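So the sequences go chain by chain: A and B.
Using this note's numbering, you'd call the opening residue of the first sequence number 4 and step up by one each time.
Using this note's numbering, you'd call the opening residue of the second sequence number 4 and step up by one each time.
Okay, so here's the structure we're looking at.
Number of protein chains: 2
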Amino acid sequence: MSAHSREPSVAATALDHSVTRPFPGSRKVHVTGSRPDLRVPMRAIEQQDTPFQFGAEPNPSILVYDTSGPYTDCDHAVDLQQGLPALRAAWIEERGDTEPLPGPSSRFGRERAEDAAAANLRFPEQRAPRQARAGANVTQMHYARQGIVTPEMEFVAIRENQRRAEYAHSPELAQRHAGEGFGAAIPETVTPEFVRDEVARGRAIIPCNINHPESEPMAIGRNFLVKVNANMGTSAVTSSIAEEVEKLVWATRWGADTIMDLSTGRHIHETREWVIRNSPVPVGTVPIYQALEKVDGKAEALTWEIFRDTLIEQAEQGVDYFTIHAGVRLAFVPLTSRRVTGIVSRGGSIMAKWCLAHHEESFLYTHFEEICEIMKAYDVAFSLGDGLRPGSIADASDEAQMAELRTLGELAQTAWSHDVQCMIEGPGHVPMQRIRENMTEQLALCEEAPFYTLGPLTTDIAPGYDHITSAIGAAMIAWYGTAMLCYVTPKEHLGLPDKHDVREGMVTYRIAAHAADLAKGHPGAQLRDNALSKARFEFRWEDQFNLGLDPERAREFHDQTLPKEAHKVAHFCSMCGPHFCSMRISQEVREYAQQKGINDVHVAMEEGLREKAKEFRRSGSKVYREL
Amino acid sequence: MSAHSREPSVAATALDHSVTRPFPGSRKVHVTGSRPDLRVPMRAIEQQDTPFQFGAEPNPSILVYDTSGPYTDCDHAVDLQQGLPALRAAWIEERGDTEPLPGPSSRFGRERAEDAAAANLRFPEQRAPRQARAGANVTQMHYARQGIVTPEMEFVAIRENQRRAEYAHSPELAQRHAGEGFGAAIPETVTPEFVRDEVARGRAIIPCNINHPESEPMAIGRNFLVKVNANMGTSAVTSSIAEEVEKLVWATRWGADTIMDLSTGRHIHETREWVIRNSPVPVGTVPIYQALEKVDGKAEALTWEIFRDTLIEQAEQGVDYFTIHAGVRLAFVPLTSRRVTGIVSRGGSIMAKWCLAHHEESFLYTHFEEICEIMKAYDVAFSLGDGLRPGSIADASDEAQMAELRTLGELAQTAWSHDVQCMIEGPGHVPMQRIRENMTEQLALCEEAPFYTLGPLTTDIAPGYDHITSAIGAAMIAWYGTAMLCYVTPKEHLGLPDKHDVREGMVTYRIAAHAADLAKGHPGAQLRDNALSKARFEFRWEDQFNLGLDPERAREFHDQTLPKEAHKVAHFCSMCGPHFCSMRISQEVREYAQQKGINDVHVAMEEGLREKAKEFRRSGSKVYREL
């Protein structure tokens with residue numbers, strides 16, 4: 004990401020313990036599907052029993068969606084040089100429509116494979132790249148449209164459900180508000196057939212390149228849980244490839260559903276290989292960045308041939324989705340000339356420069372069908388880039404942005420005509436009152452192809468806090484229908500995110516995604532809120548921490564005020580002290596009502612609560628039994 | 004706030020420099036109104052000129068709303084023992100409807116004044132408390148309804164406008180999106196008459212107790228800028244009264260429009276005096292907390308007489324608004340018994356306990372008219388407390404909450420029948436899809452009395468990040484019409500906020516408030532966004548930092564990646580390095596279009612841009628002149 008990158012090395016290959024240690028109170032579980040090698044990972048958060056004075060009932064463990072892969076599995080020995088298990092390899096092979104290649108078919112891939120100087124940087128296990136057999140289309144969309152339910156689709160279905168049916172017997176946990184989905188069609192239970200149908204219609208994608216068999220299948224679509232992407236890339240301060248892998252593991256620990264590798268620099272080919280081989284989540288890239296490096300940063304020197312070779316190079320490494328800015332058409336570029344902040348997308352500005360320099364239509368646009376041919380030979384999904392997204396509130400929803408969006412809608416049709424999976428990228432910077440129209444237009448122009456937005460930031464005035472300015476917009480647009488959010492860290496506009504920033508950005512975006520799932524009425528979403536609220540009310544501090552998105556921080560904050568272990572079983576909050584606690588008082592109100600057998604409270608009020616009030620006073624107004 | 008508070012002292016009376024130093028690039032200015040002693044403070048942020056290669060134009064200084072009081076005024080010598088200048092004293096006196104009292108008229112106030120043991124804790128300058136003359140009503144609402152425009156109203160008008168008319172000549176700065184106000188009636192220019200009318204109708208309040216002449220008048224109402232309150236209170240770790248004042252100054256530095264002093268403990272009377280005498284913003288309290296202390300924490304021992312004495316005690320110190328939980332009626336208490344989290348409001352649970360113990364209607368409700376009599380003798384505004392607000396997503400918008408809200412609407416009518424100013428408190432925890440109905444119901448039931456909400460939190464699953472879970476809801480509800488937001492810090496539910504948390508919570512809530520102002524289409528809101536975006540595009544790094552809500556953090560984050568001073572005049576972002584910057588490329592696009600005299604870009608496209616493209620390539624594709 005910087006001009007100052009040092010030479011990478013593979014010196015360090017062990018991950019820091021902080022990155023892989025299981026969350027407190029949690030264990031990895033697997034739910035097996037219709038075949039023994041279809042094992043869907045989840046995280047089970049154990050709960051303590053309700054204290055005896057509140058009823059002494061057992062509390063079930065809560066299953067939550069787990070993006071962290073085998074890294075948090077105690078039964079898995081991490082070996083970065085080995086890479087992750089290729090859990091999808093058999094599924095891909097069984098289909099019989101792909102074949103291993105003798106070696107990389109891109110020119111650049113061959114050059115790198117033969118470069119002796121890169122030998123010590125190379126990932127040791129070089130699996131032969133696979134490609135569709137001649138004439139075959141190996142995309143999940145193609146299978147879906149043939150009526151085939153793939154193991155990937157079944158995996159997604161089990162994963163989306165999170166066994167929530169098991170909690171139906173607990174009204175306290177299962178209760179939920181009616182949602183407002185703005186036309187979303189979220190089913191009570193996700194079946195493999197539902198997944199197939201959504202993928203066939205183009206309303207969801209399962210990014211899973213046949214050359215990334217290590218990835219755990221996941222779906223991006225408005226009728227599934229809202230997903231979050233984390234960006235990362237080589238930076239000046241990084242000297243070891245293991246650190247790149249560590250960034251990836253760290254991001255998935257905090258809930259990244261996909262990661263985008265935006266590295267630049269000399270050794271991105273080798274770094275990418277390490278990242279993909281060790282990534283349990285789909286990996287996206289912006290191939291134009293690497294293509295630009297191949298022409299020494301001169302946008303006008305880019306050619307279709309170089310770009311094409313880059314696509315094949317990356318597809319054979321296993322990149323699951325490509326951001327391609329094919330909507331930045333020549334005629335749209337001048338529409339940005341009166342903007343306050345011009346073109347803020349790197350890919351967009353590269354293509355704008357190319358178009359102006361040649362006064363030609365973008366080669367991404369003119370060669371789009373050929374790109375589709377490549378995508379379907381590996382099952383790489385499109386992420387149609389919003390190269391003309393607004394970079395400021397002032398520029399939001401302008402003609403340049405809307406012209407590009409219309410083009411992206413046309414390109415989605417083209418992709419679908421090839422059965423290639425496709426999502427659409429969105430802004431950016433948008434004031435709240437214009438967020439809804441972004442979603443509405445996207446749904447209409449792109450016929451419900453999944454929307455993948457960056458933020459949007461709802462104001463420009465808070466550099467240093469743009470994870471928050473954008474989380475506000477992200478929660479809203481996800482509620483309206485966005486399928487995946489690209490996280491923003493506190494360093495946005497200012498610098499490169501460090502480990503702290505990645506955690507802060509990821510948790511912030513998990514909040515936005517979850518708030519949206521709740522608002523849409525996702526049938527499983529409120530379960531975790533209910534469990535945490537119940538734990539809070541019953542003063543089960545450890546459970547309250549562990550059920551949260553960041554148990555470690557919750558505990559740390561609590562301990563800053565009340566550090567002793569005894570305080571974590573204390574029946575008072577740290578805010579009010581032991582003698583002045585509203586939660587405790589309302590426990591008393593509840594127990595009072597319950598002990599007196601008041602079921603219909605209105606009736607009871609009339610039937611002599613006054614008498615009971617006297618008893619209550621006589622007993623010293625203490626119905627709360629001492630421990 | 005804690006059971007462990009140590010003995011306070013006044014030992015330290017100087018404020019830390021970090022709390023009072025002016026923001027970088029900023030200076031305090033005053034705009035004088037119709038009389039020389041009506042001087043409205045604002046903060047002017049100076050800007051650098053646009054670099055010559057982008058046009059070398061001067062950029063105006065940007066005026067922003069300034070809540071920090073004289074503490075950031077270089078011409079003001081801070082002396083906590085002296086307190087702030089009583090800027091409103093003459094205005095109050097001139098009206099001739101108040102008189103100084105010989106001493107405190109509350110029993111408790113007299114006891115404290117005579118307590119020799121408290122002598123060394125007492126604020127040294129004991130100004131005589133004032134009260135309305137017999138029969139007089141000294142509220143701003145009363146004046147407004149008489150057709151009187153007070154200096155306070157004129158002050159508010161000037162303050163709300165922020166001289167924005169001066170920027171009208173700059174289309175780049177003045178451009179803005181059409182807002183969606185959901186029925187708000189925000190004028191292009193706020194006149195003193197408009198303020199009067201809003202206060203007269205009950206749609207806005209100006210909390211300004213006649214005994215707090217130090218406060219700079221401000222308005223809370225949906226047709227004004229969205230305001231933010233910060234809570235604070237004595238904590239276990241605080242040993243000096245100066246530290247309490249420091250918390251207040253710190254919160255207003257980051258934009259607190261009002262503060263609520265929620266202190267508990269032995270010396271709250273003395274602490275409150277120090278806080279009010281040094282507060283440039285209105286101060287709110289929850290008098291039931293202190294009343295409870297007077298009866299040793301036994302809710303059932305509370306009486307109307309003790310509560311009444313507490314109201315008078317605090318009103319004569321200068322508290323500007325009282326949270327009063329008069330909507331927690333006996334009949335509503337059992338409605339909470341099946342909630343997941345019961346009653347989470349401290350004031351609400353105290354009153355619930357009292358009602359159950361006595362089986363009597365709340366004395367706050369039965370004595371409400373007498374409370375109004377006290378309020379109008381000092382101009383204390385009501386903040387009608389939401390004692391039954393939901394404490395979890397599960398409990399959102401339940402019958403208990405709605406029953407209380409209906410009662411608050413009735414009580415607002417009663418307050419208004421006494422010409423007493425009044426706002427309504429709101430939740431709490433609310434999933435996004437139910438936020439709007441909270442606002443709609445409040446507007447309908449309370450006839451547009453200003454709404455003052457805590458958050459709301461849009462999910463329960465992120466302890467440690469509840470400033471963010473709540474800022475999402477806060478931005479939305481403020482957009483829908485909430486007039487003031489109560490901030491939430493990262494420590495919510497876990498512990499006591501420290502200085503870092505207060506800053507984090509305040510900036511987060513200033514973001515929410517501003518995002519709402521933008522969305523409502525407030526005529527001045529987008530100016531600052533536009534100025535910052537222009538600075539960003541022109542690589543004026545210092546201006547970008549200084550125009551932000553937290554210039555110090557923005558600079559610090561930038562410097563973590565690019566520490567050198569030279570980088571702050573660098574024409575590249577820290578993210579992409581000097582050779583790969585989308586902002587720079589789009590500068591080229593813009594200059595290209597401009598240099599070639601392309602005004603109507605569409606026409607130009609047809610008229611031979613192809614020829615110009617050749618030139619562009621011949622010139623090395625570098626239209627960007629080197630520095």
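Ideal Cβ placement from N, Cα and C applies to all residues, glycine included.
Given the structure is predicted, the values throughout are model-derived calculations rather than measurements.
Notebook entry, point to check: Taking Cβ-Cβ distances below 8 angstroms as the criterion, which residues of the stretch 61-87 of chain A are in contact with chain B?
Noted result: none
Next item on the list: Could you list the residues in the stretch 499-533 of chain A with a C-beta less than 8 angstroms from some C-beta on chain B, going in chain order?
Entry: Leu499, Asp501, Val510, Thr511, Arg513, Ile514, Ala515, His517, Ala518, Ala519, Leu521, Ala522, Lys523, Gly524, Gln529, Arg531, Asp532, Asn533
Margin query: Check this for me: beta carbons of A/Gly484 and A/Gly458, under 8 angstroms apart or not?
Written below: Taking the first residue of the first sequence as position 1, residue 484 of chain A is located at position 481. Taking the first residue of the first sequence as position 1, residue 458 of chain A is located at position 455. Not in contact: A/Gly484 and A/Gly458 (Cβ atoms no closer than 8 angstroms).
Margin query: Against A/Ile374, what residues of chain B qualify as contacts under a CB-to-CB distance less than 9 angstroms, listed in chain order?
Written below: Mapped onto the first sequence, residue 374 of chain A falls at position 371. Within chain B, no residue comes near A/Ile374; the closest Cβ sits about 22 angstroms away, beyond 9 angstroms.
Check: Quick one: which chain A residues come within Cβ less than 7 angstroms of B/Ile471?
Finding: As a working note, residue 471 of chain B is residue 468 in the second sequence. Per Cβ cutoff of 7 angstroms: Ile471, Ala474, Thr511, Ile514.
Next item on the list: Measuring only between beta-carbons, confirm whether B/Glu175 sits less than 8 angstroms from chain A.
Entry: Translated into positions along the second sequence, residue 175 of chain B becomes position 172. It does; some Cβ of chain A falls within 8 angstroms.
Margin query: Quick test of the definition: if touching needs 3 or more C-beta pairs under 8 angstroms, does the stretch 131-141 of chain A touch the stretch 377-397 of chain A?
Written below: yes
Notebook entry, point to check: What are the uninterrupted segments assigned as beta strand (DSSP E) that are 3 or more residues long and contained completely in the stretch 40-86 of chain A, given in chain order?
Noted result: 42-48, 65-68
Next item on the list: Could you spell out the range, first to last residue, of the beta strand (DSSP E) harbouring A/Tyr324?
Entry: As a first step, residue 324 of chain A is located in the first sequence; it is residue number 321 there, counting from the start. It spans 324-327 - the beta strand (DSSP E) in which A/Tyr324 sits, taken as one unbroken run.
Check: For A/Cys449, which three-state DSSP category applies?
Finding: For the purposes of this step, residue 449 of chain A is identified with residue 446 of the first sequence, where counting begins at 1. Coil, per DSSP.
Check: Who are the Cβ neighbours of A/Cys425 in its own chain at under 6 angstroms, not counting the five residues just before and after it?
Finding: Reading the first sequence from its first residue, position 422 is the one you call residue 425 of chain A. Contacts found: Phe385, Ala415, Ala418, Ala452.
Note to self: Quick check: B/Ile217 and B/Ala135, are their CB atoms within less than 8 angstroms of each other?
What the structure shows: Position 214 of the second sequence, counted from the start, is the residue given in the question as residue 217 of chain B. Position 132 of the second sequence, counted from the start, is the residue given in the question as residue 135 of chain B. Looking at the sequence itself, residue 217 of chain B is Glu, so the reference to Ile does not match. Contact: no.
Checklist line | Sheet register partners of A/Asp264 (DSSP bridge) | finding: As a working mapping, residue 264 of chain A is identified with position 261 in the first sequence. Beta-bridge pairing links A/Asp264 to A/Met235.
Margin query: If I follow the unbroken alpha helix (DSSP H) through B/Thr472, where does it start and stop?
Written below: Reading the second sequence from its first residue, position 469 is the one you call residue 472 of chain B. Its alpha helix (DSSP H) spans residues 469-483.
Check: Are the beta-carbon atoms of B/Arg275 and B/Gln320 separated by less than 8 angstroms?
Finding: As a working note, residue 275 of chain B is residue 272 in the second sequence. As a working note, residue 320 of chain B is residue 317 in the second sequence. Yes. Within cutoff.
Notebook entry, point to check: When the cut-off is 8 angstroms and only beta carbons count, does A/Met221 lie next to chain B?
Noted result: Residue numbering aside, residue 221 of chain A sits at position 218 when the first sequence is read from its first letter. No, A/Met221 does not count as interfacial toward chain B.
Check: Taking the DSSP output, what are the residues bridged to A/Thr288?
Finding: Taking the first residue of the first sequence as 1, we reach residue 288 of chain A at position 285. Partner(s): A/Phe325.
Notebook entry, point to check: Is it right to say B/Ala120 is buried, meaning 16 or more other beta carbons lie within 10 angstroms of its own, or is it exposed?
Noted result: As a working note, residue 120 of chain B is residue 117 in the second sequence. When all chains shown are included, B/Ala120 counts as exposed.
Next item on the list: Check each candidate in A/Glu191, A/Ser348, A/Glu559, A/Pro73 and name the one with the smallest Cα separation from A/Gly388.
Entry: Locating residue 388 of chain A in the first sequence gives position 385, where the first residue counts as 1. Closest by alpha carbon: A/Ser348.
Check: Residue range of the beta strand (DSSP E) that B/Arg30 falls in?
Finding: In the second sequence, the residue the question calls residue 30 of chain B occupies position 27. First-last of the beta strand (DSSP E) with B/Arg30: 29-35.
Notebook entry, point to check: So, do the stretch 396-415 of chain A and the stretch 497-506 of chain B have three or more beta carbon pairs nearer to each other than 8 angstroms?
Noted result: no
Margin query: Would A/Ala406 and A/Phe335 qualify as a contact pair, given that the criterion is a beta-carbon distance under 8 angstroms?
Written below: Working through the first sequence from its first residue, we reach residue 406 of chain A at position 403. Working through the first sequence from its first residue, we reach residue 335 of chain A at position 332. Yes.
Note to self: I need the straight-line Cα distance from B/Thr101 to B/Pro132, nearest angstrom please.
What the structure shows: The residue given as residue 101 of chain B occupies position 98 in the second sequence. The residue given as residue 132 of chain B occupies position 129 in the second sequence. C-alpha separation (whole angstroms): 10 angstroms.
Check: Which partner residues does A/Lys230 have in the DSSP bridge list?
Finding: As a working mapping, residue 230 of chain A is identified with position 227 in the first sequence. Beta-bridge pairing links A/Lys230 to A/Met487.
Next item on the list: Would you mind sorting A/Pro466 into buried or exposed? The rule is 16 or more other CB atoms within 10 Å of its CB.
Entry: Start at 1 with the first residue of the first sequence, and residue 466 of chain A comes out as number 463. The residue is buried, with at least 16 neighbouring Cβ atoms inside 10 Å.
Check: If we count the other Cβ atoms within 10 Å of its Cβ and call it buried at 16 or more, is B/Phe227 buried or exposed?
Finding: Position 224 of the second sequence, counting from 1, holds the residue named residue 227 of chain B. Answer is buried; the Cβ neighbour count reaches 16.
Note to self: Are the CB atoms of A/Val491 and A/Leu552 within a distance shorter than 8 angstroms?
What the structure shows: Against the first sequence, residue 552 of chain A aligns to sequence position 549. Against the first sequence, residue 491 of chain A aligns to sequence position 488. The answer is no: Cβ separation not under 8 angstroms.
Next item on the list: Just grab the DSSP bridge partners of A/Gln134 for me.
Entry: One-based indexing of the first sequence puts residue 134 of chain A at position 131. A/Glu102.
Item checked: Whole-angstrom distance between B/Ala188 and B/Arg199, CA atom to CA atom -> Locating residue 199 of chain B in the second sequence gives position 196, counting from the first residue. Locating residue 188 of chain B in the second sequence gives position 185, counting from the first residue. Roughly 14 angstroms separates the two Cα atoms.
Item checked: Option nearest A/Tyr292 by Cα separation, candidates A/Asn281, A/Pro283, A/Arg280, A/Arg311 -> Taking the first residue of the first sequence as 1, we reach residue 292 of chain A at position 289. Considering only alpha carbons, the answer is A/Arg311.
Note to self: Can you pull out the residues from the stretch 535-555 of chain A whose beta carbon lies closer than 8 angstroms to at least one beta carbon of chain B?
What the structure shows: Leu535, Ser536, Lys537, Arg539, Phe540, Gln547, Phe548, Leu550, Gly551, Leu552, Asp553
Next item on the list: Taking all protein chains shown into account, decide if A/Cys579 is buried (16 or more other Cβ within 10 angstroms of its Cβ) or exposed.
Entry: Counted from its first residue, the first sequence places residue 579 of chain A at position 576. Note that A/Cys579 has pLDDT 49, beneath the 50 cutoff, so the model's placement of it is unreliable and no number is given.
Note to self: Contact criterion: CB-CB distance below 8 angstroms. Does A/Trp482 meet it with respect to chain B?
What the structure shows: Sequence index remark: in the first sequence, residue 482 of chain A carries index 479 (1-based). Taking Cβ atoms only, chain B reaches closer than 8 angstroms to A/Trp482, which makes this a yes.
Next item on the list: Show which residues of chain B have a CB atom less than 9 angstroms away from the CB atom of A/Ser395.
Entry: The sequence position of residue 395 of chain A within the first sequence is 392, counting from 1. Correct list: Asp532, Asn533, Leu535, Ser536, Lys537, Arg539, Phe540.
Note to self: Suppose you measure from the CA of A/His272 to the CA of A/His79; what does that come to, to the nearest Å?
What the structure shows: Translated into the one-based positions of the first sequence, residue 272 of chain A becomes position 269. Translated into the one-based positions of the first sequence, residue 79 of chain A becomes position 76. Going from the Cα of A/His272 to the Cα of A/His79 covers about 27 angstroms.
Notebook entry, point to check: Just by C-beta distance, which residues in the stretch 421-453 of chain B are closer than 7 angstroms to chain A?
Noted result: Pro434, Met435, Gln436, Arg437
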